[in-house]
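Heads up, the thing below is written out as structure tokens.
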Amino acid sequence: PWLLTPPTRSALGYLISITLFLYPNFPGPYPYETECTWLIVVAEGSSVLLSFSHFELEYHAACAYDYLQVYNGAARDRGNLLGTFCGRSPPPPFSSAWHVMAVVFHFNIGGRGFKAHFYSGAGFFLSVLVGLWPPWDILQN
1 PWLLTPPTRS
11 ALGYLISITL
21 FLYPNFPGPY
31 PYETECTWLI
41 VVAEGSSVLL
51 SFSHFELEYH
61 AACAYDYLQV
71 YNGAARDRGN
81 LLGTFCGRSP
91 PPPFSSAWHV
101 MAVVFHFNIG
111 GRGFKAHFYS
121 GAGFFLSVLV
131 GLWPPWDILQ
141 N
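Numbering (full-length UniProt numbering), first residue to last: 1 to 141.
If you want it as structure tokens, here you go:
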């Protein structure tokens, strides 16, 4: 009863399984001038819980260059924005008000990316690694 859509505007990513998506080359730098959006949908009546275990983006006081945005729901407007983050300090955990959450990753300078874990309010665990990592290493090890 949940859905994770692959990122938009990115031919760089791999969808390894319904629970894990990633970029090639991690822990090398992520590619320049790219934006990816992921839409996480869980069962109606549940919420999306989001936490970060790794976070390494370029820092800027206004997060003007490389940043991650978390939205409550699918709409990408200021009213749904839960926060914009950059630098090396992981964002706080989030909980959506309903069964949809959007995550936008914008970057113009290479960095190492982030690792996020998504849970459904119904208790389902979903691990998401975003950065540059060769997926074949995961599959062979």
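Even for Gly, the Cβ is constructed at its ideal location relative to N, Cα and C.
The structure displayed is predicted, hence computed values, not measured ones.
Under the DSSP assignment, Glu-35 falls in the beta strand (DSSP E) whose first and last residues are 34-41. In this model, Pro-29 and Glu-58 are separated by some 11 Å (Cα to Cα). By the 16-neighbour rule on beta-carbons within 10 angstroms, Tyr-67 is buried.
Separation of Ser-53 and Ser-89 (C-alpha to C-alpha, rounded to the nearest whole angstrom) is 10 Å. In its chain, beyond the 5 residues on either side, Tyr-32, Glu-58, Tyr-65 and Asp-66 have a beta carbon closer than 7 Å to the beta carbon of Ile-109.
In summary, Arg-112 is buried, with 16 or more beta-carbon neighbours lying within 10 Å of its beta-carbon over all protein chains present.
The residue among Gln-69, Pro-92, Ser-120 and Gly-87 with its C-alpha nearest the C-alpha of Leu-81 is Gln-69. Under DSSP, the beta-bridge partners assigned to Asn-72 are Met-101. No residue range can be given for Tyr-59, since it is assigned to no beta strand (DSSP E) and is classified by DSSP as neither H nor E.
Beta-carbon to beta-carbon, Leu-50 and Ala-116 are separated by about 6 Å, close enough to satisfy the 8 Å threshold. Cα atoms of Thr-84 and Val-48: separation of roughly 18 Å, rounded to the nearest angstrom. Counting only the Cα atoms, Pro-93 lies some 19 Å from Arg-76. Setting aside the 5 residues that flank it on each side, Glu-56 is surrounded in the same chain by Arg-88, Gly-111 and Arg-112, each with a C-beta closer than 6 Å to its C-beta; the list follows chain order.
Around Pro-91, the same chain offers Phe-52, Phe-55, Leu-68, Val-70, Gly-83 and Phe-85 as residues with beta carbons nearer than 8 Å, after the five sequence neighbours per side are excluded.
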